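What follows is a short report on a single structure.
In this note's numbering, the protein residues as written are 130 to 861.
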C-alpha cells in the first residue's frame, strides 16, 4: 500500500486529566519534603526507645514515599488505544489470520465443567470467520467429566453459533446471556427453544458431575472415553488428545451448514517423577500442539472462568497487530480484566478499577503493559522466543490459512508426543521459549522476557469489556489469591529477572521502574504493620510521633494524607465506582498489606532459604449457597480459622484498645484533656481511622451469629494477643 494512502488501524490518544494529576503529584512531593525535614529536625534527643521508634516511623514513611514515587512515574504520561475495526474489515477481510484460543482448567471440582463449557462456547462464537478459529482446552485435571462436558459443548455449538449471529448475542456465554436477556418480540419460539437446549445440556453435565462418573451408555458414544481406561490418576496418565471438531472436516458444520471452529481437548501427559510446571507447562504444551494442528499466528489465552464478553475483541486486537506502521513491533495485546459477579460496592475490591483503568494505561505509554495471564492476544513468534528485529515484517497473505491438511486421527496420534513429559528435556522451553518456568506469576515474567527481546505490548480497554471472569466471594479466598500473586511478584524481584537489572539497556528505565510497584507489593507489609501497630502502642505509652495540633508542621502531614486520599476517591468515582466501594477498597488495602502480603513475604524468604517449595494454589470458583447469599448482601465472610484472620483481628483489637486508652486520658484527666488532644491529636485520629476501617471485624468478632462470623478461637486469641501487647508496652 502506498505511504500516501496509509490510514492507521488504531489511534493513540492521551488520557484526560494528566495536567491535574501532575499538579497534585508535585504538591504532594512538596509536602513529602516538609515531612522529611520535620523528621530530621525534630529527631528526639532523649530516650533510647523514643529514638528507635522515631527512626522506625521515619523509615516507614520513607518507604511509602518511595512507593508513591514509583506509582507516579508509571502514570506520568498515560495513553489509550482506539481501534477502527471497520478499516480492518475493508483492508484485510480476506487476509485475516488464524486465531488459536487456549482455555486452561485444572480441577473439575474447583472449576466446574459447566463453567468451562460456557467459556469455550463464548470464544467459539466470536464475530470472526469460524474456519479461522481454533479452540484448545487444556485439562490439567485429566478428567473424563470435563471431556464429556466438551463433547456436549461441541454438539450444542452447532445450534449456539448461528443463534448468536441471528440475534447478535452479547455476551456469547449462554449462561451469562440467558441470565440477563429477555426473549425478543419476534421469533420468540426459536429463542426459547435454544434456551431450553442449553438448560438441558447444563442439567446433563451437572447430573454427570454429581454422579462423579461417566455412565456406560455415554462412554460408548465417543472413542475418546477409552483413553481413561489407561489413566491411573490425574497426576499419572498418558497424553489424551482428541479433536472434537476438525476444521478441515466438511461435516463439521452448524445447523445452517456454516463451518464450525476447530475444537481440541488436551490432557497432557503427567508422571509423578516429572514436574509439570502448573499453568505455564500447560500453555507451552498447547503452543506446541496447536502449531501442528492450526498454527495460528495469533494466540489468545483465557482462564476457564473468563468468558468472552465482546464478540469483536479479536478484531480489536488485530487492529493493533495488523497496522502497517506500528503493528509489527507488537508482541501481545492485553485486555482489561473485569468480573461479572462483583457486588455493587465491591466488598473485596476485586475489580482493581484504578489500576486497570488508569495505571496500566500509563505502562502502555512507556513500552507496554505487563502480561496479566488471561484475556491476552499474543504473536506466536514472540511467545516462542523470537527476538524483534527492526526490519521485521509480516506478510498476512501467507499466514492467513495455516491449518494442517491431515486427518483428525492422524494429527491426534502424531501430536501426542508434543505434550509428553519428556519432550522439553534438553530444550529451551520454559527458559527462552514459551512461558517461563519456576515462578508463581509465570505471566508477568514471560511478558517481561518478551519485552526485553525488543518487542512492545499494548493495552486495550474498549467501552464494552472484552472478558468477564469470576472474582473470589470470600475474604479468605481473596487473601489467599493475593498472597500467591504477591509471593510470585516478590520472587521475580529477587531473581535474576529483576526488572531493574534484567531490563537494563533492554527496556526503558521508566518501564523498569513501573514493574517495581507490583514486584514490591509484598514488601509493603512491613511499613504498613509498623504504621498500624506503633502509633497505637505509643499512644498508650505517651510517646508522640507527630507534630502538635497547634504546630505549623502538622500541615504537611494533614495535606499529604488528605489530598492523596481525596484524589484517590475522585479517581475511584471517575472509574465508575461508588463511595462505599472506595471505602471497601481502602479496607482491603489494609487487610491485604497486614496479612496476605506479610505471609507472601515470609513464604518468599522461606523459598529463597530452601525451607519451602513452589506451590500453585488454584482459586476456588464454587461456594455454598449461604456464603453466596452473604456475598450478595455485601457481608464480609470470615467463617474459617486462618493465621491471616488472627493478624487482622489482633490489629483491630489493638487499635480499639488504643482508642479506649486515649478516651480514658481525655475523660479522666479533665485538666489535661486539651493537652492530650494537642499532643496526640494526629495519633488519635490515625487510631480512629483504623478502628473505623475495622468495623466489620468487630461486628464479626462480637455481634454476628451467622456462619460467616469470626471463629471463637480467633476472637479469644486476638483479645489475648492485643492485651499482651498493650501490657508489655505499659511495662517497658
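Glycine residues also receive a C-beta, built at the ideal position from the N, C-alpha and C atoms. Here the structure is a predicted model, which means the values were calculated and not measured.
Residue 135 in three-state terms, based on DSSP:
The residue labelled residue 135 in the question sits at position 6 within the chain shown. Looking at residue 135 - three-state DSSP - the assignment turns out to be coil, as it is neither helix nor strand.
Between the CA atoms of residue 774 and residue 544 - distance to the nearest angstrom:
Taking the first residue of the chain shown as 1, we reach residue 544 at position 415. Taking the first residue of the chain shown as 1, we reach residue 774 at position 645. Those two C-alpha atoms are separated by around 48 Å.
Buried or exposed for residue 356, please, with buried defined as at least 16 other CB atoms from any protein chain shown within 10 angstroms of its CB.
The residue you call residue 356 lines up with position 227 of the chain shown. The residue is buried, with at least 16 neighbouring Cβ atoms inside 10 Å.
Given a cut-off of 9 Å on the beta-carbon distance, is the pair residue 777 and residue 823 in contact?
Translated into the one-based positions of the chain shown, residue 777 becomes position 648. Translated into the one-based positions of the chain shown, residue 823 becomes position 694. Against a cut-off of 9 Å, the Cβ pair of residue 823 and residue 777 comes out as a contact.
Counterpart residues of residue 773 in DSSP-defined beta bridges:
Within the chain shown, residue 773 is the residue found at index 644, counting from 1. Answer is none; residue 773 lacks a bridge partner.
Restricting to Cα atoms, I'd like to know which of 259, 415, 596 and 455 is closest to residue 305.
Looking up residue 305 in the chain shown gives position 176. The residue among 259, 415, 596 and 455 with its C-alpha nearest the C-alpha of residue 305 is 596.
Note the first and the last residue of the continuous alpha helix (DSSP H) segment covering residue 508.
Position 379 of the chain shown, counting from 1, holds the residue named residue 508. No alpha helix (DSSP H) contains residue 508, which is instead part of the beta strand (DSSP E) from 505–508.
Given a cut-off of 9 Å on the beta-carbon distance, is the pair residue 783 and residue 678 in contact?
The count along the chain shown starts at 1 and reaches residue 783 at position 654. The count along the chain shown starts at 1 and reaches residue 678 at position 549. No.
Straight-line Cα distance separating residue 457 from residue 132:
Taking the first residue of the chain shown as position 1, residue 132 is located at position 3. Taking the first residue of the chain shown as position 1, residue 457 is located at position 328. In this prediction, residue 132 has a pLDDT of 48, which is less than 50 and means its spatial position is unreliable; nothing more can be read from the coordinates.
Residue ranges of each alpha helix (DSSP H) run of no fewer than 4 residues wholly in the region 560–594, ordered along the chain?
571–580
Enumerated in chain order, which unbroken segments of the beta strand (DSSP E) with a length of 3 residues or greater are wholly contained in the region 215–267?
228–234
Is DSSP giving residue 416 helix, strand or coil here?
Your numbering for residue 416 matches position 287 in the chain shown. Note: residue 416 maps to helix in three-state DSSP.
Assign residue 633 to one of three DSSP states: helix, strand, or coil.
As a working note, residue 633 is residue 504 in the chain shown. Here residue 633 sits in coil by DSSP.
Whole-Å CB distance - residue 468 paired with residue 442, under 8 Å assumed
Stepping through the chain shown from its first residue, residue 468 is reached at position 339. Stepping through the chain shown from its first residue, residue 442 is reached at position 313. Their Cβ separation, rounded to whole angstroms, is 16 Å, which puts residue 468 and residue 442 out of contact at 8 Å.
Check whether the region 814–821 touches the region 649–667, counting contact only when three or more Cβ pairs, one atom from each stretch, lie closer than 8 Å.
yes
Assumed close pair residue 721, residue 611 - CB separation to whole angstroms, cut-off 8 Å:
Reading the chain shown from its first residue, position 592 is the one you call residue 721. Reading the chain shown from its first residue, position 482 is the one you call residue 611. Their Cβ separation, rounded to whole angstroms, is 5 Å, which keeps residue 721 and residue 611 in contact under 8 Å.
For a test of the three-state rule: what should DSSP assign to residue 130, helix, strand or coil?
Here residue 130 corresponds to residue number 1 of the chain shown, with the count starting at 1. With a pLDDT of only 43 at residue 130, under 50, the local geometry of the prediction cannot be trusted, and the value read off the model is given with reservation. DSSP places residue 130 in coil when its eight states are reduced to three.
Are the Cβ atoms of residue 730 and residue 781 separated by less than 9 Å?
For this step, residue 730 is matched to residue 601 along the chain shown. For this step, residue 781 is matched to residue 652 along the chain shown. It is not a contact, given that the beta carbons lie outside the stated cut-off.
According to DSSP, is residue 430 part of a helix, a strand, or is it coil?
Start at 1 with the first residue of the chain shown, and residue 430 comes out as number 301. The DSSP-derived three-state label of residue 430 is strand.
Buried or exposed by the 16-neighbour rule on C-beta atoms within 10 Å, applied to residue 130
By one-based count along the chain shown, residue 130 stands at place 1. Residue confidence for residue 130 is low, a pLDDT of 43 falling below 50, so the modelled location carries little weight; the figure read from the coordinates is stated next. The Cβ neighbour count for residue 130, taken over all protein chains shown within 10 Å, is under 16; the residue is labelled exposed.
Element boundaries [alpha helix (DSSP H), containing residue 495]:
The residue given as residue 495 occupies position 366 in the chain shown. Segment: none, residue 495 is in no alpha helix (DSSP H) and carries neither H nor E.
How long is the line joining the alpha carbons of residue 673 and residue 167, rounded to whole angstroms?
As a working note, residue 673 is residue 544 in the chain shown. As a working note, residue 167 is residue 38 in the chain shown. Their backbone Cα atoms lie some 13 Å apart in a straight line.
Assess, as a yes-or-no matter, whether the region 243–263 is touched by the region 294–313 under the definition of 3 or more beta carbon pairs within less than 8 Å.
yes
Are the region 560–571 and the region 615–625 in contact at 8 Å, needing three or more beta carbon pairs?
Taking a cut-off of 8 Å on C-beta distances, the region 560–571 touches the region 615–625, as three or more cross pairs fall below it.
How close, in whole Å, do the beta carbons of residue 637 and residue 577 come, if the pair is a contact with beta carbons under 8 Å?
For the purposes of this step, residue 637 is identified with residue 508 of the chain shown, where counting begins at 1. For the purposes of this step, residue 577 is identified with residue 448 of the chain shown, where counting begins at 1. The pair is not a contact, with the Cβ atoms about 13 Å apart (cut-off 8 Å).
Less than 8 Å between the CB atoms is what I'm expecting for residue 98 and residue 496, so what's the real figure, rounded?
Limits of the chain in this structure are 130 at one end and 861 at the other, which puts residue 98 out of reach.
Kindly confirm or deny that the region 210–221 and the region 134–150 touch, where touching means at least three C-beta pairs closer than 8 Å.
yes
Candidates 156, 298 and 455, of which the one nearest residue 439 by Cα
If you number the chain shown from 1, residue 439 lands on position 310. Closest by alpha carbon: 298.
Tell me, please, which residues DSSP counts as bridged to residue 140.
As a first step, residue 140 must be located in the chain shown, where it is residue number 11. Residue 140 is bridged to 211.
Given 8 Å as the limit, is there contact between the region 547–563 and the region 405–424, that is, 3 or more CB pairs closer than that?
Taking 8 Å as the limit for Cβ pairs, the verdict is that the region 405–424 does touch the region 547–563.
Could you check where the beta strand (DSSP E) with residue 393 kicks off and where it finishes?
Residue mapping note: residue 393 aligns to position 264 of the chain shown, counting from 1. It spans 391–396 - the beta strand (DSSP E) in which residue 393 sits, taken as one unbroken run.
Just checking my contact of residue 425 with residue 229 at CB under 8 Å: how many whole Å lie between their CB atoms?
Within the chain shown, residue 425 is the residue found at index 296, counting from 1. Within the chain shown, residue 229 is the residue found at index 100, counting from 1. Confirmed, about 4 Å.
Please list, in chain order, all residues of the same chain as residue 161 whose beta carbon is under 6 Å from its beta carbon, the five residues on each side excluded.
Position 32 of the chain shown holds residue 161. Within the same chain, residue 161 has close Cβ partners 194.
Could you name the residues that DSSP lists as bridge partners for residue 399?
The residue labelled residue 399 in the question sits at position 270 within the chain shown. Paired residue(s): 366.
What would DSSP say about residue 598, mapped onto helix, strand or coil?
Counting from one through the chain shown, the residue named residue 598 turns up at place 469. Residue 598 carries a strand assignment under DSSP once its states are collapsed to helix, strand and coil.
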